[in-house]
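Everything below concerns the one structure shown next.
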Amino acid sequence: MEMLPNKLLENVLDSLPIPVFYKDEKGLYLSCNSAFETFFGLSRELLAGKSVHDVFDRENARKFSEMDLKLYRNPGKQVYESRVLDSKGQLHDVMFHKATFLHPQGGVAGIVGAVLDTTELKATERKLTGATTSFNRIFDSIPDLLSVVDSSLRIIYSNWQGGHDYVAEDIRSHHPYCYDAYYPGQGKPCDPCHLLEVFRTGKPLITEKHNPRIGYQEIHAFPVCDESGTVIMAAEYIRNITARREAEHALRQANHLLEALINASPLAIVAFDTDVRLTLWNTAAESMFDWKKEEVLSKPYPIIPEDRIEEVRNNIRLMHEGEVCRSLETRRKRKDGSLVDVSLSTAVMSGPDGAVIGYMSIMSDITERKRAVQALRESEERFRRIFEEDEDAALILTPRTFSIVDANAAAARLYGYSKKELRKHTPALFLEREEFKRFGETFAMTDDEASSRSKWCRIDRLDVVEKSGNRVATSVRGRMFISQGTPYLYCTFRDITEKLNIREERKRFEEKLIQANKMSALGTLASGIAHEINNPNNYIMSSTQFLHEAWKDIEWVLLEYGKENGDYSLGGLPDAEAIAVIPQLLTSLEEGSVRIKNIVENLKSFARQEKQPYSGTVDVNMAIKAALNLLGNQIHTYTDSFVCELDEGVPHVPGSLQQIEQVIINLTMNALQALPYKRCGVQISTFHDTTANQVVIKVRDQGKGIPPDMLRRIMEPFYTTKQDMGGTGLGLSICYSIVKKHQGTIDCESIPDRGTVFSVRLPVAGALS
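Letter by letter, the sequence shown follows residues 443 to 1211 of the working numbering.
Structure representation (structure tokens):
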């Protein structure tokens, strides 16, 4: 193909409306067309031989030079965008379209390029982008799903709202099928499909669906048509109606519940229209008035007595005037004509427009309540009489502050304050600080406790100071009671001064009895130990000690005599044996005299009265051993079978060694004296009951036992089963008193002709605290 003549080529290029230029292989401009001259304001003569650095600013020249170099190295075509100044100095968006041209021999001869002005195009694109952005913002702000699909059900646009944000971004961007996006894994259109129906009919429709991920949805689908009316797309507006469905379900449930509540209510609930015809009659109304629902619905209100008709009319008039009919006590009529006392509350029922459509009444049978109120009134009158006539001081107080609400005449008389003075104060008026603190700690309680506690609480002793300054010992009892819904504390204060005096006198009397019983026990034992103390024990002890000292000299004399005279006998024993035995005999004699001394000392200790009997702790095993030491002769007299099994690990108990020893002596003597034969045995044992934290002493005998009718009375003072043996009936009574003072227990089990077991339980030291 022949090359076009230069002039012809120039004319062709000048006819083009876009700037065109061409360069040689060195990047120097060869020429340009007239559009280029006009756009850049540079003639082709001036342009020829110049580089981009001579024509454009530094930044563009560097960029254009780099682009030319790339094109020279990679011949072909090149397109890129830039911004340049025109001949008037205005900035334009342009697009360079460049290509290489070749020498006839085949090498790159240069570059030809066209400059396309894209300024208006860019402006249009920006406007279009802004409009699209505004459109998207509008539809993205809609909280429900709005989408458009084509005839193949591919999503062309969607705002992905209404809970559909679970669709992944990479799925959204590829225009997925609606069923793949909204129902992953389904793989085919829904059956039925509302969008296919719109494409088929060309008509909008409204339907509901359930999406497992979102819930119930209301769908508005409508066609999108072209100018000819052909449906080309379908749009859908989907709203989540799960909350509405749940509300409707809740409303139905509420209606069912309301109906159930009305019928389950113990109160009669009835409703009637403006013509006073019944529209509602619940189960309680049937029970209260004996009319069945079928007998009264849509019929005139049958339960109004004739003398109450005007009352009903007046109530209706007042309710229309805005007043409320609440808790009106009146009467209504049963089916048999009898009257029932009721508490009546009535409300107006209004329709949607606010007009009155009827009335609803709730009634409770207050017949029993009215009787109860009357009974309560009579009870309060009786309580007031009892309260005022009580010989003990009685107070009614508030449970938290202990303010005195009321006081009886005895309180005013005994403490010297008037009722008016007492009502202005708390019991601190007549109780010292520590005593009032004890009072508060005993009866303090919260409001909830005050409403629920009704048991009696007590303080065995509380000292009251009368107005005159006289101190009175009292015992206090108190309990909560409720009056008209308000809790109060009721307390009585009983003067126990005389009772305490009697108790102290009895205590002193019992101590005397205990001492007397000791002496009686000593008298019983005296015959058994007389032979042990009738010799001058001190003489024996001193003589024995002298003989021990003298034996040393005597032994030397005897040894010397044997050396000189040979073997001889002494007291019937050979001299060597006698010299070995005599020191042993002297030792036994001394030990016997010491034993006599210990027995005498134990008797003295047992008979000695303690000054503070309960201030120490007692080794129970030691007390038993001391008692058995005293009873040794009696034991040998009554039985050949005496067993003592003591748990050496038992802890000490608080109390008196002498008194516990006395209990052991009494119980052991009783057991010995109950034995019918000497071959019958007695056993005494101890052990520690770790569960109850008590030391247990058991005394068992194989005696005659105690008949059941006597067993119930053996602890009574002066009751004895051994009158023929000189019994006083005080031994077990005193044992019981001693054990009780040690805060322990004593029990007896007996089987006639088989024996008796006495069990004494004493708390371990420290357990009481």
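Note that beta-carbon positions come from the ideal geometry of N, C-alpha and C, so glycine has one too.
Residue i by DSSP, collapsed to three states: which one?
{"i": "V494", "result": "helix"}
{"i": "H652", "result": "strand"}
{"i": "C933", "result": "strand"}
{"i": "T1059", "result": "strand"}
{"i": "K449", "result": "helix"}
{"i": "R921", "result": "strand"}
{"i": "K949", "result": "helix"}
{"i": "L1117", "result": "coil"}
{"i": "S785", "result": "strand"}
{"i": "E1087", "result": "strand"}
{"i": "G1074", "result": "helix"}
{"i": "L739", "result": "coil"}
{"i": "A852", "result": "helix"}
{"i": "N502", "result": "helix"}
{"i": "K994", "result": "helix"}
{"i": "E908", "result": "coil"}
{"i": "Q1185", "result": "coil"}
{"i": "T928", "result": "strand"}
{"i": "E1191", "result": "strand"}
{"i": "D1131", "result": "strand"}
{"i": "H539", "result": "strand"}
{"i": "H662", "result": "strand"}
{"i": "Y619", "result": "strand"}
{"i": "F872", "result": "coil"}
{"i": "G555", "result": "strand"}
{"i": "Q1125", "result": "strand"}
{"i": "E771", "result": "strand"}
Whose C-beta lies closer than 7 Å to the C-beta of residue i among residues of the same chain, with five residues either side of it excluded?
{"i": "K777", "result": "F731, D732, W733"}
{"i": "R395", "result": "Because the chain spans 443 through 1211 in this model, residue 395 falls outside it and cannot be assessed."}
{"i": "K741", "result": "R719, L720"}
{"i": "D885", "result": "Just to set this straight, residue 885 is Phe in the shown sequence, not Asp. Hits under 7 Å: C899, G920, L931."}
Give me the DSSP bridge partner(s) of residue i.
{"i": "R568", "result": "Its beta-bridge partners do not exist; DSSP assigns none."}
{"i": "H534", "result": "V526"}
{"i": "V673", "result": "C667"}
{"i": "S600", "result": "S589"}
{"i": "M509", "result": "BP columns for M509 are empty, so no partner."}
{"i": "M887", "result": "Partner(s): none; M887 has no beta bridge."}
{"i": "G882", "result": "DSSP lists no partner for G882."}
{"i": "G657", "result": "N653"}
{"i": "I1180", "result": "Paired residue(s): none; I1180 is not in a bridge."}
{"i": "A915", "result": "D905"}
{"i": "V1105", "result": "Beta-bridge pairing links V1105 to no other residue."}
Cβ atoms of residue j and residue i: under 7 Å apart, would you say?
{"i": "A551", "j": "F543", "result": "yes"}
{"i": "V1141", "j": "F1200", "result": "yes"}
{"i": "N697", "j": "I711", "result": "no"}
{"i": "A395", "j": "V640", "result": "This structure leaves residue 395 out entirely; the chain is present only between 443 and 1211."}
{"i": "S787", "j": "I799", "result": "no"}
{"i": "D535", "j": "T566", "result": "no"}
{"i": "D1212", "j": "G604", "result": "Look at the range of the chain in this structure, 443 to 1211, and you will see that residue 1212 is not part of it."}
{"i": "Q1136", "j": "R1203", "result": "yes"}
{"i": "C899", "j": "L837", "result": "no"}
{"i": "K861", "j": "A870", "result": "no"}
{"i": "Y658", "j": "I680", "result": "no"}
{"i": "V1095", "j": "I1180", "result": "no"}
{"i": "Y619", "j": "L595", "result": "yes"}
{"i": "A663", "j": "H636", "result": "yes"}
{"i": "L989", "j": "L1028", "result": "yes"}
Go through its chain and collect everything with a Cβ distance to residue i's Cβ below 8 Å, but skip five positions before and after it.
{"i": "V666", "result": "V590, V673, I674, M675, A676, A677"}
Considering only residues of the same chain and omitting the five flanking positions on each side of residue i, which have a CB-CB separation below 6 Å?
{"i": "L770", "result": "L786"}
{"i": "V907", "result": "F872, R913"}
{"i": "A789", "result": "M802"}
{"i": "C1122", "result": "Q1144"}
Assuming residue i and residue j make a contact with CB atoms under 8 Å, what is their CB distance in whole Å?
{"i": "T1081", "j": "K1120", "result": "6 Å"}
{"i": "F478", "j": "P461", "result": "4 Å"}
{"i": "S529", "j": "F482", "result": "6 Å"}
{"i": "I1139", "j": "I1148", "result": "No, I1139 and I1148 are not in contact; Cβ-Cβ is about 19 Å, not under 8 Å."}
{"i": "D510", "j": "I553", "result": "6 Å"}
{"i": "V738", "j": "L709", "result": "At roughly 17 Å, the Cβ-Cβ gap does not stay under 8 Å, so V738 and L709 are not in contact."}
{"i": "F1129", "j": "D1189", "result": "Going by Cβ atoms, the distance from F1129 to D1189 rounds to 15 Å, so no, they are not a contact pair."}
{"i": "L513", "j": "M537", "result": "With a Cβ gap of about 15 Å, L513 and M537 do not count as contacting."}
{"i": "A1116", "j": "K1146", "result": "6 Å"}
Measuring only between beta-carbons, confirm whether residue i sits less than 7 Å from chain B.
{"i": "S615", "result": "The structure shown contains no chain B; it is built from a single protein chain."}
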